[in-house]
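Our numbering puts the first residue of the sequence shown at 4, with every later residue one more than the last.
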Amino acid sequence: MNLIITAGGTTEAIDRVRKITNSATGRLGSLTAGEFVKQGGSRIEKIFYVCEEGTAVPQLPRVEIVRVEGAEGARDALSRLFSSRRIDAVVHSMAVSDYAVGSLTTAGGLSRFLAQELFSHRPEEFPNEDSLAEFIRQGIEKNDRLIDRSRKISSDIGDLMLTMRRTPKLIGLMKKWQPSVILVGFKLLNHVEPQALLDAGYGVLKKNACDLVVANDSSQIGGGRHTAYLISPDRSFTKLETKEKIAEEIARRVLRLYERRAGTR
């Protein structure tokens with residue numbers, strides 16, 4: 004049985020030294036790898052543990068650490084793993100950034116560019132607010148007064164602006180790469196009612212054809228506590244209260260699914 008566990012967070016570069024990141028540590032992913040080794044025994048051929056530097060990693064036999072940087076780096080590493088071997092299960096616990104830096108400019112540079120663009124057009128070309136707003140939006144995208152991100156940006160710049168672009172949704176790629184893979188997804192919200200969290204988790208499950216989804220609320224994580232709901236395709240769920248219990252149950256359920264499917268092949 005070959006597994007992939009993605010863990011920790013991702014970082015997205017602003018320049019050569021500055022980055023945008025999140026607070027994910029990878030501890031749950033590391034504990035989950037440990038549970039697969041413990042419960043799976045000789046059934047586990049290899050666990051590919053995909054993470055960035057600084058993530059908690061398991062020091063275990065049959066675990067191979069795959070280092071990545073950023074959402075696109077994670078996507079490329081996962082694509083290589085799927086294309087080079089059969090993957091039986093993925094536990095996608097990595098907190099992948101939804102956005103990466105698109106471009107850097109200054110408020111002054113952008114306003115001058117937009118003013119230049121506007122002066123090259125006649126007022127009657129913008130008969131209403133919507134047409135002017137669309138022109139400005141396109142101007143922001145076309146802005147060529149950009150700051151070089153390949154080196155450290157000077158801290159003397161007082162009106163720095165950055166645009167963000169969406170990163171690839173990695174969970175949506177897994178079943179496209181390998182339809183038979185057992186997929187465990189994750190959903191994190193903040194300060195919501197349990198039913199709203201369950202509904203959001205089930206939405207992730209349906210949208211991405213997950214076999215299980217772990218839904219958790221960041222306000223319920225900390226101080227040794229980690230409340231989460233492990234949701235199944237029939238909308239049933241199991242409430243778990245610690246990272247250790249979550250990891251134990253993920254491994255138990257995935258191994259059970261694997262055995263069932265292996266028995267039908």
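Don't be surprised by glycine CBs; every beta carbon is placed ideally from N, CA and C.
Helix, strand or coil: how does DSSP classify residue i here?
{"i": "residue 14", "result": "coil"}
{"i": "residue 203", "result": "helix"}
{"i": "residue 216", "result": "strand"}
{"i": "residue 97", "result": "coil"}
{"i": "residue 145", "result": "helix"}
{"i": "residue 92", "result": "strand"}
{"i": "residue 50", "result": "strand"}
{"i": "residue 164", "result": "strand"}
{"i": "residue 221", "result": "strand"}
{"i": "residue 21", "result": "coil"}
{"i": "residue 5", "result": "strand"}
Give every residue of the same chain whose Cβ lies closer than 7 Å to the Cβ of residue i, excluding the five residues on either side of it in the sequence, and list them in chain order.
{"i": "residue 260", "result": "185, 214"}
{"i": "residue 243", "result": "231, 233, 249, 252"}
{"i": "residue 18", "result": "152, 154, 155, 156"}
{"i": "residue 190", "result": "203, 204, 207, 216, 218"}
{"i": "residue 49", "result": "5, 65, 67"}
{"i": "residue 80", "result": "53, 69, 71"}
Looking at residue i: is its Cβ nearer than 7 Å to the Cβ of residue j?
{"i": "residue 53", "j": "residue 13", "result": "no"}
{"i": "residue 82", "j": "residue 170", "result": "no"}
{"i": "residue 207", "j": "residue 195", "result": "no"}
{"i": "residue 107", "j": "residue 165", "result": "yes"}
{"i": "residue 148", "j": "residue 116", "result": "yes"}
{"i": "residue 90", "j": "residue 65", "result": "no"}
{"i": "residue 178", "j": "residue 212", "result": "yes"}
{"i": "residue 84", "j": "residue 138", "result": "no"}
CA-CA distance, residue i and residue j?
{"i": "residue 34", "j": "residue 222", "result": "21 Å"}
{"i": "residue 38", "j": "residue 152", "result": "42 Å"}
{"i": "residue 255", "j": "residue 41", "result": "10 Å"}
{"i": "residue 263", "j": "residue 56", "result": "36 Å"}
{"i": "residue 69", "j": "residue 126", "result": "56 Å"}
{"i": "residue 92", "j": "residue 226", "result": "30 Å"}
{"i": "residue 236", "j": "residue 76", "result": "30 Å"}
{"i": "residue 132", "j": "residue 181", "result": "47 Å"}
{"i": "residue 3", "j": "residue 113", "result": "Since the displayed the chain opens at 4 and closes at 268, residue 3 lies outside it and no answer follows."}
Could you check which residue in the options has the C-alpha nearest to that of residue i?
{"i": "residue 159", "options": "129, 109, 82", "result": "109"}
{"i": "residue 136", "options": "212, 6, 121", "result": "121"}
{"i": "residue 145", "options": "17, 119, 257", "result": "119"}
{"i": "residue 44", "options": "20, 5, 11, 26", "result": "5"}
{"i": "residue 220", "options": "78, 61, 86, 203", "result": "203"}
{"i": "residue 201", "options": "178, 241, 181, 179", "result": "241"}
{"i": "residue 239", "options": "87, 266, 224, 198", "result": "198"}
{"i": "residue 111", "options": "86, 162, 134, 235", "result": "162"}
{"i": "residue 210", "options": "113, 173, 193, 192", "result": "173"}
{"i": "residue 193", "options": "113, 181, 150, 224", "result": "224"}
{"i": "residue 183", "options": "265, 142, 143, 140", "result": "265"}
If I measure Cβ to Cβ from residue i and keep anything under 8 Å in the same chain, skipping five residues before and after, which residues do I get?
{"i": "residue 253", "result": "35, 38, 94, 187, 215, 217, 233"}
{"i": "residue 246", "result": "30, 31, 34, 229"}
{"i": "residue 15", "result": "22, 23, 24, 73, 74, 100, 102, 103, 104, 170"}
{"i": "residue 11", "result": "27, 28, 29, 32, 54, 55, 57, 58, 59, 97, 98"}
{"i": "residue 88", "result": "5"}
Determine, using beta carbons only, whether residue i comes closer than 7 Å to chain B.
{"i": "residue 189", "result": "In the structure shown, chain B does not exist; there is a single protein chain."}
Sorted by chain position, which residues of the same chain lie with C-beta nearer than 6 Å to residue i's C-beta, five sequence neighbours on each side aside?
{"i": "residue 257", "result": "92, 185"}
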